[in-house]
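Just below is one structure, and these are the notes that go with it.
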Amino acid sequence: MLEGEVELTVAGQEPIRFSPGDSWFVEQGTEVAWKVLTPRFVKHYLAKVESHKQG
């Protein structure tokens, strides 16, 4: 996370607050609710995608 604050809630769990310098990991398909707590919120993310090549 680069700027601002956000609160993430994974289904069935308590919310967790994140601010600049924090990072988190979420498995594909996980239900997550986002609550942006500041007027400006900047993040950078990376997605790992499996490739299924035929051949």
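According to UniProt numbering, the residues represented by the sequence shown are 1 to 55, in order.
The beta carbon of each residue, even a glycine, is placed where N, CA and C say it ideally should be.
F25 (DSSP reduced to helix, strand or coil): coil
Alpha carbon of V49 to alpha carbon of Q28, nearest angstrom: 9 angstroms
Proximity of S19 and E5 at Cβ, strictly below 7 angstroms: In this structure, S19 lies near E5, with their beta-carbon atoms less than 7 angstroms apart.
Simplified DSSP assignment, three categories, for F41: coil
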